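A short write-up of the structure that comes next.
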Amino acid sequence: MANYKLKHIKNTDRNNINTPQYSLIYSQKKGSDIKTSYEIISLLKENNDIIVEVDTSLIIQSKRNKFNYEDFISDIKKMNLQYSYKKTQYQRQDILSALFGFKRTEDEHVVTIYVPDSVWKEEDFKKIIPDCGVRYYVMKGSDDARKVLDNINIMTDREKNSYFLYLIYDASEFCQMGISSNYYGYADIKRILEIS
954 MANYKLKHIK NTDRNNINTP QYSLIYSQKK GSDIKTSYEI ISLLKENNDI IVEVDTSLII
1014 QSKRNKFNYE DFISDIKKMN LQYSYKKTQY QRQDILSALF GFKRTEDEHV VTIYVPDSVW
1074 KEEDFKKIIP DCGVRYYVMK GSDDARKVLD NINIMTDREK NSYFLYLIYD ASEFCQMGIS
1134 SNYYGYADIK RILEIS
């Protein structure tokens, strides 16, 4: 883990999951088959189950990174994973739309999956994780998947911070992730990731 750099961000509003306590900046290992972000999250989550939330409005589509939410859901179903799906619309603001007063509405798809630790470690699951637009919620052990998925959608940010060990926003396309935890501090995360 010596290739990683952990940068501490002072956060005055610790209950806002959109503002992480810590920012982790890393570089991909050359020739590595396993995504570096996957390795980092695996170290942080240890043997706990994890909730994976994919939000298409946060995914940056590129030639290298094409994400199709329907294919993703199909893959999840093949693995017999519990999930929830929500579709909403949002207004996209780009420069041309702002200049000419256009309002572009796009669909946003949010897929939330309960992933047991045993499935997290499977190669097939590693292959379907998107490079961007993913938020991870690390469980304290395990729980009833359907109950957790139903409850996460009605939890406040404060409740999420209390319920989960870590809240992690991963932007592996940019080799960065934001990390928040009510249970682990800066020194703990450095120790877990073996950062000197």
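Residue numbers for the sequence shown follow the working numbering, so the first one is 954 and each next one is one higher. Quick reminder that beta carbons are idealized off the backbone N, C-alpha and C, glycines included. Bear in mind that the values here come from a model prediction, so they are computed numbers and not experimental data.
Report all residues from its chain with a CB closer than 8 Å to the CB of residue i; omit the five preceding and five following residues, and keep chain order.
| i | result |
| --- | --- |
| E1061 | D1008, T1009, S1010, K1040, T1041, Q1042, Y1043 |
In the DSSP assignment, the alpha helix (DSSP H) including residue i goes from what residue to what residue?
| i | result |
| --- | --- |
| S995 | 989 to 998 |
| I1029 | 1022 to 1031 |
| Y1116 | 1110 to 1116 |
| S1071 | 1070 to 1073 |
| I1105 | 1098 to 1105 |
Hey, how far is the Cα of residue i from the Cα of residue j?
| i | j | result |
| --- | --- | --- |
| Y1136 | L1118 | 6 Å |
| Q974 | I1121 | 10 Å |
| A1098 | N1033 | 12 Å |
| C1085 | S980 | 15 Å |
| E1075 | I978 | 25 Å |
| I1132 | I1003 | 14 Å |
| K1093 | K1056 | 43 Å |
| K1100 | T1109 | 16 Å |
| I993 | E1147 | 10 Å |
| S1115 | F1127 | 28 Å |
According to DSSP, is residue i helix, strand or coil?
| i | result |
| --- | --- |
| K923 | Nothing about residue 923 can be reported from this structure: the residues present for the chain run from 954 to 1149 only. |
| Y1154 | As shown, the chain starts at 954 and ends at 1149. That puts residue 1154 outside it, with no answer to give. |
| K1040 | strand |
| I1148 | coil |
For the beta strand (DSSP E) that contains residue i, what are its first and last residues?
| i | result |
| --- | --- |
| I1121 | 1119 to 1124 |
| D1008 | 1003 to 1008 |
| L977 | 975 to 978 |
Within its chain, find whatever has a CB closer than 7 Å to the CB of residue i; leave out the 5 residues flanking it on each side and keep chain order.
| i | result |
| --- | --- |
| I1081 | F1025, D1028 |
| D986 | Residue placement at D986 cannot be trusted, given a pLDDT of 42 that sits under 50; the coordinates are not used to answer. |
Which residues in the same chain have their Cβ closer than 6 Å to the Cβ of residue i, if we skip the five residues on either side of it in sequence?
| i | result |
| --- | --- |
| E1006 | T1065, R1088 |
Any beta-carbon of chain C closer than 8 Å to the one on residue i?
| i | result |
| --- | --- |
| T1109 | Absent from the structure: chain C. Only one protein chain is present. |
Decide if residue i is buried, meaning its Cβ has at least 16 other Cβ atoms within 10 Å, or exposed.
| i | result |
| --- | --- |
| I1107 | exposed |
| K1113 | buried |
| Y1038 | exposed |
| S1125 | buried |
| I1142 | buried |
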